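All remarks here apply to the structure that follows.
Chains as they are written, first to last, in the numbering used here: chain A, 1 to 199; chain B, 200 to 412.
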């Protein structure tokens, strides 16, 4: 976990997914050099070069990001990701009671993820490619620092963003789904889990 | 279903968490009189941190069966640990009738069930929108609903934090909400919005969307 997971853009310069680990538990914007550190009461202190430091809650910083015009909210580049697919389940029993079936995730697969208008494209380093049409998604959910997608009649796909933010990617995928549903006249999405529900 | 009672392993885990937390931070519990000492109830809480279930289970006077995301049971070791702590799995990415049946079975046995109404930890500490399925479940169960507001665990270990730090944690149980038991879906849907408002108002704090003062 890191500040970059929640602050998906630099407060100072607005660059998306710019925060990188630095020394002493701090993180630094790869473009403008602004430093970020956790201070008491889970506040985040932002130190732009040559300016005074300011500490606020993550919620206050997120409100500022939401109101700001950011550099790129429509990614054109493929994002490095690590994907794990749960295509099997095992029954789970406790104290003699059946409590359901639990996902079993397969091995981690490194690759890149690209969001297109109507699909997500995952490609591994050896050019194996998987396409997940947005209309085949039945649920979108964040989980710890991953984004999880459920495919219709398919597996649960867990995606981790080593250089990016699961919060940002959740927003991106949800926005793309809303836009696609609107374009197709399928209504407004009210809920993304446990299943996509429209009005 | 017979009430399981606390196992020795569970009591040991509670003792360890209580001892560690008292060295690490402070804790204040209010409104314990609102938590029934026996009989079925559902405790609905906000979710700020990994610490929430540990501290609630360790310091609450009553055993509560906690609903937890199924992926936390993914490895056999974690599945054993979660079971030891009286957690049961729910799949959040599709309707999960087994989890609903488990809740109703525990309530029928007179147990207390704990559910995080937001469905996941908050990124910024503020109360998030509730899962509508949880509100439907409250209306289906028709047992006393005890709102439980947790503060301070976010300060200690926010979702984006690498490590936990000491903090003052405040857990407040609120007066029970008495909801009707509605067996039919149209009845539940008719009161879904108003019930959501009641539950979220009881859980909210200044700065949250549902806070009514």
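C-beta: ideal position from N, C-alpha, C; glycine also. Predicted, not measured: the structure shown is a model, and the values here were computed from it.
With DSSP collapsed to three states, give me the class of residue i.
{"i": "residue 122 of chain A", "result": "strand"}
{"i": "residue 31 of chain A", "result": "coil"}
{"i": "residue 409 of chain B", "result": "coil"}
{"i": "residue 201 of chain B", "result": "Below a pLDDT of 50, predicted positions are generally treated as unreliable, and residue 201 of chain B, at 46, falls in that range; no measurement from the model is reported."}
{"i": "residue 172 of chain A", "result": "helix"}
{"i": "residue 350 of chain B", "result": "strand"}
{"i": "residue 142 of chain A", "result": "strand"}
{"i": "residue 46 of chain A", "result": "strand"}
{"i": "residue 196 of chain A", "result": "coil"}
{"i": "residue 271 of chain B", "result": "helix"}
{"i": "residue 362 of chain B", "result": "coil"}
{"i": "residue 19 of chain A", "result": "strand"}
{"i": "residue 11 of chain A", "result": "coil"}
{"i": "residue 393 of chain B", "result": "helix"}
{"i": "residue 493 of chain B", "result": "Here chain B has residues from 200 to 412 only, and residue 493 of chain B is not among them."}
{"i": "residue 344 of chain B", "result": "strand"}
{"i": "residue 276 of chain B", "result": "helix"}
{"i": "residue 328 of chain B", "result": "coil"}
{"i": "residue 54 of chain A", "result": "strand"}
{"i": "residue 100 of chain A", "result": "strand"}
{"i": "residue 371 of chain B", "result": "strand"}
{"i": "residue 40 of chain A", "result": "coil"}
{"i": "residue 70 of chain A", "result": "coil"}
{"i": "residue 163 of chain A", "result": "coil"}
{"i": "residue 319 of chain B", "result": "coil"}
{"i": "residue 386 of chain B", "result": "helix"}
{"i": "residue 262 of chain B", "result": "coil"}
{"i": "residue 148 of chain A", "result": "strand"}
At which residues does the beta strand (DSSP E) containing residue i begin and terminate?
{"i": "residue 375 of chain B", "result": "Segment: none, residue 375 of chain B is in no beta strand (DSSP E) and carries neither H nor E."}
{"i": "residue 184 of chain A", "result": "Note, residue 184 of chain A: premise wrong, no beta strand (DSSP E); not H, not E."}
{"i": "residue 287 of chain B", "result": "286-289"}
{"i": "residue 113 of chain A", "result": "109-115"}
{"i": "residue 156 of chain A", "result": "156-160"}
{"i": "residue 404 of chain B", "result": "That residue, residue 404 of chain B, is in no beta strand (DSSP E); it is neither H nor E in DSSP."}
{"i": "residue 131 of chain A", "result": "129-133"}
Here's a check: name, in chain order, each residue in its chain whose Cβ is nearer than 8 Å to the Cβ of residue i, leaving out the five neighbours to either side.
{"i": "residue 382 of chain B", "result": "339"}
{"i": "residue 409 of chain B", "result": "326, 396, 399, 400, 402 and 403"}
{"i": "residue 413 of chain B", "result": "Given a span of 200 to 412 for chain B in the structure shown, any question on residue 413 of chain B remains unanswerable."}
{"i": "residue 22 of chain A", "result": "28 and 35"}
{"i": "residue 200 of chain B", "result": "Because the pLDDT at residue 200 of chain B is just 44, under 50, the model does not fix this residue reliably, and the value given afterwards should be weighed accordingly. Excluding positions up to five away in sequence, the list reads 304, 305, 307 and 308."}
{"i": "residue 164 of chain B", "result": "This structure cannot speak to residue 164 of chain B, because chain B is shown only from 200 to 412."}
{"i": "residue 192 of chain A", "result": "139, 140, 141, 174 and 177"}
{"i": "residue 271 of chain B", "result": "277, 281, 286 and 288"}
From which residue to which residue does the alpha helix (DSSP H) around residue i run?
{"i": "residue 210 of chain B", "result": "207-223"}
{"i": "residue 307 of chain B", "result": "296-307"}
{"i": "residue 6 of chain A", "result": "3-6"}
{"i": "residue 79 of chain A", "result": "Note, residue 79 of chain A: premise wrong, no alpha helix (DSSP H); beta strand (DSSP E) at 79-94."}
{"i": "residue 244 of chain B", "result": "Premise fails: residue 244 of chain B lies in the beta strand (DSSP E), 240-244, not in any alpha helix (DSSP H)."}
{"i": "residue 65 of chain A", "result": "58-67"}
{"i": "residue 257 of chain B", "result": "250-258"}
What is the C-beta distance between residue i and residue j, in whole angstroms, given that I count them as a contact (C-beta under 8 Å)?
{"i": "residue 233 of chain B", "j": "residue 384 of chain B", "result": "That belief does not hold up - the Cβ atoms of residue 233 of chain B and residue 384 of chain B are roughly 30 Å apart, past 8 Å."}
{"i": "residue 323 of chain B", "j": "residue 59 of chain A", "result": "4 Å"}
{"i": "residue 281 of chain B", "j": "residue 267 of chain B", "result": "6 Å"}
{"i": "residue 247 of chain B", "j": "residue 349 of chain B", "result": "6 Å"}
{"i": "residue 237 of chain B", "j": "residue 309 of chain B", "result": "7 Å"}
{"i": "residue 289 of chain B", "j": "residue 253 of chain B", "result": "The Cβ separation is near 19 Å, so there is no contact."}
{"i": "residue 293 of chain B", "j": "residue 139 of chain A", "result": "6 Å"}
{"i": "residue 201 of chain A", "j": "residue 173 of chain A", "result": "In the structure as shown, chain A begins at 1 and stops at 199. Residue 201 of chain A is therefore absent and cannot be evaluated."}
{"i": "residue 297 of chain B", "j": "residue 100 of chain A", "result": "4 Å"}
Please go through the same chain and pick out, in chain order, the residues whose beta-carbon is closer than 6 Å to the beta-carbon of residue i, but skip the five residues on each side of it.
{"i": "residue 316 of chain B", "result": "243, 329 and 333"}
{"i": "residue 39 of chain A", "result": "45 and 55"}
{"i": "residue 53 of chain A", "result": "45 and 47"}
{"i": "residue 200 of chain A", "result": "Within the shown structure, residues of chain A are numbered from 1 to 199, placing residue 200 of chain A beyond reach of any answer."}
Considering only residues of the same chain and omitting the five flanking positions on each side of residue i, which have a CB-CB separation below 7 Å?
{"i": "residue 354 of chain B", "result": "366"}
{"i": "residue 88 of chain A", "result": "104"}
{"i": "residue 212 of chain B", "result": "283 and 284"}
{"i": "residue 168 of chain A", "result": "8, 16 and 17"}
{"i": "residue 98 of chain A", "result": "91"}
{"i": "residue 68 of chain A", "result": "14"}
{"i": "residue 165 of chain A", "result": "4, 5, 8 and 17"}
{"i": "residue 251 of chain B", "result": "244, 349 and 352"}
### Members of the region 39-53 of chain A near chain B, C-beta cut-off 8 Å
40, 41 and 42
### Task
Identify each residue in the region 162-179 of chain A for which the Cβ-Cβ distance to at least one residue of chain B is less than 7 Å, and report them in chain order.
167
### Task
With 9 Å as the C-beta to C-beta threshold (strictly closer), list the residues of the region 8-33 of chain A near chain B in chain order.
25
### Members of the region 233-246 of chain B that neighbour chain A once the beta carbon cut-off is set at 7 Å
none
### Task
Below 9 Å between beta carbons is the criterion; list the residues of the region 101-124 of chain A that meet it against any residue of chain B, in chain order.
101, 102, 103, 104 and 105
### Proximal residues, the region 317-340 of chain B versus chain A, C-beta separation under 7 Å
319, 322, 323, 324, 325, 331 and 332
### Task
Check distances from the C-beta atoms of the region 128-142 of chain A to those of chain B and list, in chain order, the residues that come in under 9 Å.
138, 139, 140, 141 and 142
### Task
For the region 292-304 of chain B, enumerate the residues whose C-beta is nearer than 8 Å to any C-beta of chain A, in chain order.
292, 293, 294, 295, 297, 298, 301 and 304
### Task
Residues of the region 262-289 of chain B with a CB closer than 7 Å to any CB of chain A: list them in chain order, please.
268, 269, 270, 272, 273, 278, 282, 287 and 288
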